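Numbering (our numbering), first residue to last: 3 to 229. Ideal Cβ placement from N, Cα and C applies to all residues, glycine included. These figures come from a predicted structure and were not determined experimentally.
Okay, here's the thing in structure tokens:
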């Protein structure tokens with residue numbers, strides 16, 4: 003028997019938004035004159051502190067630069083902040099539209115994401131992002147997934163129990179954290195992959211568009227359907 007959820011909670015990066023492009027990564031690393039792998043080792047090393055607002059943007063970038071033996075000017079800090087924020091602001095295929103359609107069909111929706119305030123401000127300006135019944139951001143809450151309290155904050159915002167929601171995230175640790183609280187959680191890889199899991203386990207008012215292709219028996223998805 004398929005489950006009838008009352009809400010879907012979406013992660014942001016790599017679910018609703020595209021991952022950072024190679025061009026954006028190269029632009030960020032180029033400001034510090036570093037190879038991309040070395041730059042992003044430092045970028046992610048201090049990211050949790052940035053995501054929970056323990057570090058403001060200037061302090062974060064100075065810390066990243068110093069760990070790689072570099073110094074930054076104020077204009078470089080501004081440039082890094084802007085490129086980084088915009089690099090996470092491009093809509094992914096299918097998912098934003100499906101989130102919008104799902105909410106219109108009567109399910110509650112929420113956004114639950116680890117992100118620093120600079121990225122959150124860019125997200126707030128993103129005209130393509132659908133409306134949600136609740137948003138929880140780590141920079142506002144002061145904790146990151148998979149800490150249980152950030153999931154609980156999102157559930158309180160929705161006014162629902164863990165067993166009443168489906169959670170989608172691209173990181174296995176975050177999926178496990180949601181499951182530990184009793185949420186129905188799926189690891190997001192591609193819309194096509196998650197569409198099959200959703201259709202198998204849940205009774206939803208609006209299927210992901212790629213499920214229409216599967217039901218119709220088409221050999222190839224329509225343009226834009228799964229890419």
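Of all Cβ atoms in chain B, is any one closer than 7 angstroms to the Cβ of residue 7?
-> Annotation note: the requested chain B is absent from the structure, which comprises a single protein chain.
Contact check, residue 11 vs residue 156, beta carbons under 7 angstroms = Here residue 11 refers to the residue found at position 9 of the chain shown. Here residue 156 refers to the residue found at position 154 of the chain shown. Contact: yes.
Pairwise C-alpha distance: residue 168 and residue 151 = Walking along the chain shown from the start, residue 151 turns up at place 149. Walking along the chain shown from the start, residue 168 turns up at place 166. C-alpha separation (whole angstroms): 17 angstroms.
For residue 192, count neighbouring Cβ atoms within 10 angstroms of its own Cβ and tell me buried if that reaches 16, exposed if not.
-> Here residue 192 corresponds to residue number 190 of the chain shown, with the count starting at 1. The residue in question, residue 192, is exposed, as its Cβ has fewer than 16 Cβ neighbours within 10 Å.
Local Cβ density within 10 Å of residue 187, reported as buried at 16 or more and exposed below that | The residue labelled residue 187 in the question sits at position 185 within the chain shown. Counting Cβ neighbours within 10 Å, residue 187 comes out buried, since at least 16 surround it.
Report buried or exposed for residue 217, applying the criterion of at least 16 other Cβ atoms within 10 angstroms of its Cβ.
-> Along the chain shown, one-based indexing puts residue 217 at 215. For residue 217, the predicted model reports a pLDDT of 34, less than 50, meaning its position is unreliable; a value from the coordinates is still stated below. With fewer than 16 other Cβ atoms within 10 Å, it is exposed.
Exposed unless 16 or more other CB atoms sit within 10 angstroms - verdict on residue 97 | Working through the chain shown from its first residue, we reach residue 97 at position 95. When all chains shown are included, residue 97 counts as buried.
Whole-angstrom Cβ separation of residue 62 and residue 48, contact assumed at under 8 angstroms?
-> Along the chain shown, one-based indexing puts residue 62 at 60. Along the chain shown, one-based indexing puts residue 48 at 46. Right, their Cβ atoms sit about 6 angstroms apart.
Exposure of residue 106, with buried meaning 16 or more beta-carbon neighbours within 10 Å = Locating residue 106 in the chain shown gives position 104, counting from the first residue. So residue 106 ends up on the exposed side.
Measure the Cβ-Cβ separation of residue 111 and residue 135 and say whether it is below 7 angstroms.
-> As a first step, residue 111 must be located in the chain shown, where it is residue number 109. As a first step, residue 135 must be located in the chain shown, where it is residue number 133. Contact flag set, yes.
Inter-stretch contact at 8 angstroms, needing at least 3 Cβ pairs: the segment 136-147 / the segment 112-121 = yes
Compute the Euclidean distance between the alpha carbons of residue 1 and residue 190, then round it to the nearest angstrom.
-> The displayed coordinates of the chain run from 3 to 229. Any statement about residue 1 would go beyond what the structure contains.
Among the residues of its own chain, which have a CB less than 8 angstroms from the CB of residue 220, if the five just before and after it don't count?
-> Stepping through the chain shown from its first residue, residue 220 is reached at position 218. Bear in mind that the predicted position of residue 220 carries a pLDDT of just 34, short of 50, making it unreliable; the figure below should be weighed with that in mind. Nothing meets the Cβ criterion.
Top-ranked residue by Cα proximity to residue 13, from 148, 208, 195 and 211 | Taking the first residue of the chain shown as 1, we reach residue 13 at position 11. Among 148, 208, 195 and 211, the Cα nearest to that of residue 13 belongs to 148.
Provide the residue span of the beta strand (DSSP E) that contains residue 11, from first to last.
-> Position 9 of the chain shown holds residue 11. Here the beta strand (DSSP E) through residue 11 covers 9-12.
In or out: residue 46 buried (at least 16 other Cβ within 10 Å) or exposed?
-> Stepping through the chain shown from its first residue, residue 46 is reached at position 44. Looking at its Cβ environment, which holds fewer than 16 other Cβ atoms inside 10 Å, residue 46 is exposed.
Would DSSP call residue 192 helix, strand or coil?
-> Counting from 1 along the chain shown, the entry for residue 192 is found at position 190. It is coil, neither helix nor strand.
Under 7 angstroms Cβ to Cβ from residue 226, same chain only, skipping five residues before and after it: list those, please.
-> Your numbering for residue 226 matches position 224 in the chain shown. Bear in mind that the predicted position of residue 226 carries a pLDDT of just 30, short of 50, making it unreliable; the figure below should be weighed with that in mind. For residue 226, where only same-chain residues beyond five positions count, the Cβ hits under 7 angstroms are 95.
Within the segment 19-81, note down every full alpha helix (DSSP H) run reaching 4 residues or more, in order along the chain.
-> 24-33, 38-47, 49-53 and 59-69
Report yes if the CB atom of residue 162 is closer than 7 angstroms to the CB atom of residue 8, and no otherwise.
-> Start at 1 with the first residue of the chain shown, and residue 162 comes out as number 160. Start at 1 with the first residue of the chain shown, and residue 8 comes out as number 6. Yes, they are a contact pair.
Where does residue 89 sit, in a helix, a strand or coil, going by DSSP?
-> Numbered from 1 along the chain shown, position 87 holds the residue referred to as residue 89. DSSP places residue 89 in helix when its eight states are reduced to three.
Applying the criterion that 16 or more other CB atoms from any shown protein chain within 10 Å of the CB defines a buried residue, is residue 179 buried or exposed?
-> Position 177 of the chain shown holds residue 179. With 16 or more other Cβ atoms within 10 Å, it is buried.
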